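Q: Before I ask anything, here is the structure I am working with.
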Amino acid sequence: MRKLFCKDIKNIYLNKKIILYGWIQNKIIFKNFIVIILRDNSGTIKLNILKENFKLYILNIIYNLNIESCIKIIGLVFLNSKHIIEINVKKFFLISKSDKLPIDINNKNISEKNKLKFRYLYLRRSNILNNLKIKSKIIWYINYFMNKNKYIYIETPILSKPTLEGANNFLIRNYLKNKYMALSQSPQIFKQMLMISGVNKYYQLAKCFRNEDLRKDRQPEFTQLDIESSFVNEDYIINLSNKLICFLFKKILNIDVKNNILEINYNKSIEMYGSEKPDLRNPLKIYNLVNILIENNFYIENNHDFIYIIPIKNNIDIKNNYNYILNYFKDIKCYIVNKFKFNEEILKIKINFINNFNINIIKNIFINSIENYNYSFFIVFISSYDCIFNIGKFIKNLSIKLNLINKKVYSLLWIKYFPMFVKKNNNYECVHHPFTSPKFFNKNIDIIKDPDKIISNSYDLIINGVEIASGSVRINNQILQRKVFNILNISKKDQNKNFGFFLNSLKYGTPPHSGIAFGLDRLIMVMKNIDNIKDVIAFPKSSSFYDFITE
């Protein structure tokens, strides 16, 4: 039975015999001895095999072994001339010989297909294995934190009836009754019914399944930290989440992020960054010149173009990227404007709706409205409001291209006050999910008349431009819940068919309740600066939604 790992071999074992098990990571044959690098899941250690100490048939076995063969050794621990621990092998045992590997597991350029098809080999890489160890450690700390805060771990069904929760369902046929059930997209409805049941504080590390397009931060099967509490508001959930995140960052990375967590509303996020998931490490920001002029008492007509300006600091070398900038927006006029030579002809044409136009006044007002930095020039976009999202993608891509992001820094940000609904193809959809409560709700106001203006009581946690958690205050009465379904164009018949059990539960003294869900795999990605979510999951699916390992 194994008692020691490679990392355990310290100075206290000098001149002592030890037993180690592991895999051959590398093998070098010299004239009088053989060097083997032995690897287990804790690390590596160097083995020295003196040929004169072994019979020929043992040496022949060693000569013919492929790397990744599994072995056992008994050896004597010593320090080499550089005071590094090594082992003189006294006895050698072959446990399992490896065939020649179909992939080079140390090669960084392995195809996605081979990474997944031979996953059991690829997982032997130390970085992937370390990611899984960190995931295990984070789960342990999450359980510790939630128990300390008196939350109860309760499992909810994975199989349930298909419901509307944002993505397509994975359907499972019940052959006994010829009906279909769905793999749970989230425990949303069940955790709300737990609150109705009187469970005050619930959490779960839930498996979730979503049938949607895959990206580098998305998998069809993932783990979610699910939290729900009764008789609390959004401030309680955000405060609890902040404590949890600070706890994990301190325990895993030994980093204090307590003072780095900011909050802004959705509209400000869109206006300044062109995104609901901004990365605040990006020094590039968007300024709306029209809004700045309005704030400085300029009269602006209702119908006008929007003028977005991105100041570029002097220390950012952008000269080699002119063509990239100009070509990025083929349908939008993009002007590079020198700080001290605001192009009067361009701006005068485009902002002739401004009363008493004076280029120098406008220039000074704008410069005084931004941070007190030195800027070499500005990028000016003149277009409609909807263009802001394209500009947001532009400043994100430009910051990456110019290497402006400090990857050693963590940007933690809460986005609040999202719109509750968005209109697509003349139909309304929920920005979050249909169980989110409006932020400001008056029972005398019929939200059906003007859903575009309803703000949701929701909140998203963004770390380094990645959505890590999303939560909201929930609807806790049947009347309002039906109104939301009506706005979503769900007929009363379908409401009763798909959600009747839940609507019925809301009639029996439902307490106010709020919650949040963290994407565990995404959180580990961001904390460890991992580029792809596949590297924190033992057996992920391919980007084309294929399971190569079982083909």
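Take -4 as the starting number for the sequence shown in the numbering used here and just add one per residue. Beta carbons are placed, not taken as given, at the ideal position from N, Cα and C, and that holds for glycine. It should be emphasised that the depicted structure is a prediction, and the values quoted were computed from it without experimental measurement.
Under a Cβ-count criterion, where at least 16 other Cβ atoms within 10 Å of its own Cβ denotes burial, should residue 350 be classed as buried or exposed?
A: Taking the first residue of the sequence shown as 1, we reach residue 350 at position 355. Confidence at residue 350 is low in this model, with a pLDDT of 48, below 50, so the placement of that residue should be treated as unreliable; the coordinate-derived value is given next. The residue in question, residue 350, is exposed, as its Cβ has fewer than 16 Cβ neighbours within 10 Å.
Q: Would you say the segment 379 to 393 touches the segment 269 to 277, given that touching needs at least three Cβ pairs under 8 Å?
A: The segment 379 to 393, when compared against the segment 269 to 277, does touch it at the 8 Å Cβ threshold.
Q: Under DSSP, the alpha helix (DSSP H) around residue 199 begins and ends at which residues?
A: To locate residue 199, count along the sequence shown from 1; it is residue 204. That residue, residue 199, is in no alpha helix (DSSP H); its beta strand (DSSP E) goes 196 to 204.
Q: Taking only runs of the beta strand (DSSP E) that begin and end inside the segment 52 to 99, which ones reach a length of at least 3 residues, in chain order?
A: Qualifying beta strand (DSSP E) stretches, in chain order: 65 to 74 and 80 to 91.
Q: Suppose contacts are defined by Cβ-Cβ distances below 8 Å. Is residue 459 in contact with residue 276 by that definition?
A: The residue given as residue 459 occupies position 464 in the sequence shown. The residue given as residue 276 occupies position 281 in the sequence shown. A contact, by the Cβ cut-off of 8 Å.
Q: Apply the 10 Å Cβ neighbour rule to residue 76 and answer buried if 16 or more other Cβ atoms are within range, or exposed otherwise.
A: For this step, residue 76 is matched to residue 81 along the sequence shown. Answer is exposed; the Cβ neighbour count stays below 16.
Q: I need the DSSP call for residue 446, collapsed to helix, strand or coil.
A: Counting from 1 along the sequence shown, the entry for residue 446 is found at position 451. It is helical.
Q: Are the C-beta of residue 500 and some C-beta of chain B separated by less than 8 Å?
A: Among the chains in the structure shown there is no chain B, since it carries only a single protein chain.
Q: Can you check which of these residues, 202, 165 and 410, is closest to residue 263 by C-alpha distance?
A: Within the sequence shown, the letter at position 268 stands for residue 263. Considering only alpha carbons, the answer is 410.
Q: Just to confirm, are residue 4 and residue 19 a CB contact at a threshold of 8 Å?
A: Numbered from its first residue, the sequence shown carries residue 4 at position 9. Numbered from its first residue, the sequence shown carries residue 19 at position 24. In this structure, residue 19 does not lie closer than 8 Å to residue 4 by Cβ.
Q: Evaluate residue 50 with the Cβ neighbour count: other Cβ atoms within 10 Å of its Cβ, from every protein chain shown; 16 or more gives buried, anything less gives exposed.
A: Here residue 50 is taken as the residue at index 55 of the sequence shown, counted from 1. Flag for residue 50 reads exposed.
Q: Taking buried to mean at least 16 other C-beta atoms within 10 Å of its own C-beta, is residue 217 buried or exposed?
A: Along the sequence shown, one-based indexing puts residue 217 at 222. Label assigned to residue 217: buried.
Q: What does the Cβ neighbour count give for residue 186, buried or exposed, with the cut at 16 atoms within 10 Å?
A: Locating residue 186 in the sequence shown gives position 191, where the first residue counts as 1. Counting Cβ neighbours within 10 Å, residue 186 comes out buried, since at least 16 surround it.
Q: Going by DSSP, which residues form a beta bridge with residue 221?
A: Numbered from 1 along the sequence shown, position 226 holds the residue referred to as residue 221. In DSSP, residue 221 forms a bridge with 199 and 512.
Q: Is the number of C-beta pairs between the segment 393 to 412 and the segment 135 to 154 that are closer than 8 Å three or more?
A: The segment 393 to 412, when compared against the segment 135 to 154, does not touch it at the 8 Å Cβ threshold.
Q: What did DSSP end up calling residue 163 once you bin it into helix, strand or coil?
A: As a position in the sequence shown, residue 163 is number 168, starting the count at 1. Correct three-state label for residue 163: strand.
Q: Kindly give me the distance between the Cβ atoms of residue 466 and residue 512, rounded to whole angstroms, as I take these residues to be in contact under 8 Å.
A: By one-based count along the sequence shown, residue 466 stands at place 471. By one-based count along the sequence shown, residue 512 stands at place 517. Sure, about 7 Å apart at Cβ, within 8 Å.
Q: Tell me whether residue 344 is buried or exposed, calling it buried when 16 or more other Cβ atoms sit within 10 Å of its Cβ.
A: Position 349 of the sequence shown holds residue 344. Here the model assigns residue 344 a pLDDT of 43, short of 50, so the residue's position is not dependable and the matter cannot be decided.
Q: Anyone know if the C-beta pair for residue 93 and residue 61 falls short of 8 Å?
A: The sequence position of residue 93 within the sequence shown is 98, counting from 1. The sequence position of residue 61 within the sequence shown is 66, counting from 1. In this structure, residue 61 lies closer than 8 Å to residue 93 by Cβ.
Q: Checking the sheet assignment: what are the DSSP bridge partners for residue 464?
A: Residue numbering aside, residue 464 sits at position 469 when the sequence shown is read from its first letter. Paired residue(s): 456 and 513.
Q: Check the C-beta distance from residue 178 over to residue 204 and give it rounded, since I have them as a contact under 8 Å.
A: Counted from its first residue, the sequence shown places residue 178 at position 183. Counted from its first residue, the sequence shown places residue 204 at position 209. Yes, they are in contact, since the Cβ atoms of residue 178 and residue 204 sit about 4 Å apart, within 8 Å.
Q: Does the distance from the C-beta atom of residue 12 to that of residue 71 stay below 8 Å?
A: Here residue 12 is taken as the residue at index 17 of the sequence shown, counted from 1. Here residue 71 is taken as the residue at index 76 of the sequence shown, counted from 1. Cβ atoms of residue 12 and residue 71: closer than 8 Å.
Q: In whole angstroms, what is the alpha-carbon distance linking residue 420 and residue 312?
A: Taking the first residue of the sequence shown as 1, we reach residue 420 at position 425. Taking the first residue of the sequence shown as 1, we reach residue 312 at position 317. Going from the Cα of residue 420 to the Cα of residue 312 covers about 43 Å.
Q: Look up residue 168 in the DSSP assignment and say whether it is helix, strand or coil.
A: What you label residue 168 is simply residue 173 of the sequence shown in a count that begins at 1. Three-state result, residue 168: strand.
Q: Do you know how far the Cα of residue 27 is from the Cα of residue 14?
A: Sequence index remark: in the sequence shown, residue 14 carries index 19 (1-based). Sequence index remark: in the sequence shown, residue 27 carries index 32 (1-based). The alpha-carbon atoms of residue 14 and residue 27 are separated by roughly 23 Å.
Q: Roughly how many whole angstroms lie between the Cα atoms of residue 17 and residue 69?
A: In the sequence shown, counting from the first residue as 1, residue 17 sits at position 22. In the sequence shown, counting from the first residue as 1, residue 69 sits at position 74. Near 12 Å, if we compare the C-alpha coordinates of residue 69 and residue 17.
Q: Between 7, 78, 124 and 58, which lies nearest to residue 34 when the distance is taken from Cα to Cα?
A: On the sequence shown, residue 34 is found 39 positions in, with the first residue counted as 1. Nearest option by C-alpha distance: 124.
Q: Short of 7 Å in beta carbon distance, which residues of its chain neighbour residue 540, apart from the five on each side in sequence? Order them along the chain.
A: As a first step, residue 540 is located in the sequence shown; it is residue number 545 there, counting from the start. Once the five neighbours on either side are set aside, the close Cβ partners of residue 540 are 209 and 215.
Q: Going by DSSP in three states, residue 500 sits in which element: helix, strand or coil?
A: The residue labelled residue 500 in the question sits at position 505 within the sequence shown. Reduced to three states, the DSSP call for residue 500 is helix.
Q: Closest by CA to residue 509, which one among 499, 22 and 224?
A: As a first step, residue 509 must be located in the sequence shown, where it is residue number 514. Per the Cα distances, 224.
Q: If you reduce the DSSP assignment to three classes, tell me which class residue 261 lands in.
A: Within the sequence shown, numbered from 1, the residue matching residue 261 stands at position 266. In this structure, residue 261 counts as helix in the three-state DSSP scheme.
Q: Touch check for the segment 462 to 480 and the segment 488 to 504: three-plus C-beta pairs under 8 Å?
A: Counting Cβ pairs under 8 Å, three or more are found: they touch.
Q: Thinking C-beta only, is residue 483 closer than 8 Å to residue 429?
A: Counting from 1 along the sequence shown, the entry for residue 429 is found at position 434. Counting from 1 along the sequence shown, the entry for residue 483 is found at position 488. Result yes, Cβ atoms of residue 429 and residue 483 sit closer than 8 Å.
Q: Give me the Cα-Cα distance between residue 330 and residue 278, rounded to the nearest whole angstrom.
A: Your numbering for residue 330 matches position 335 in the sequence shown. Your numbering for residue 278 matches position 283 in the sequence shown. Since pLDDT at residue 330 reaches only 49, below the 50 mark, its modelled position is unreliable, and no value is offered.
Q: Who are the near neighbours of residue 519 in its chain, counting only those whose CB is closer than 8 Å to its CB and skipping five residues on each side?
A: Locating residue 519 in the sequence shown gives position 524, counting from the first residue. Once the five neighbours on either side are set aside, the close Cβ partners of residue 519 are 126, 129, 130, 133, 525 and 531.
Q: Using a 10 Å radius around the Cβ and a threshold of 16 neighbouring Cβ atoms, would you call residue 78 buried or exposed?
A: The sequence position of residue 78 within the sequence shown is 83, counting from 1. The residue is exposed, with fewer than 16 neighbouring Cβ atoms inside 10 Å.
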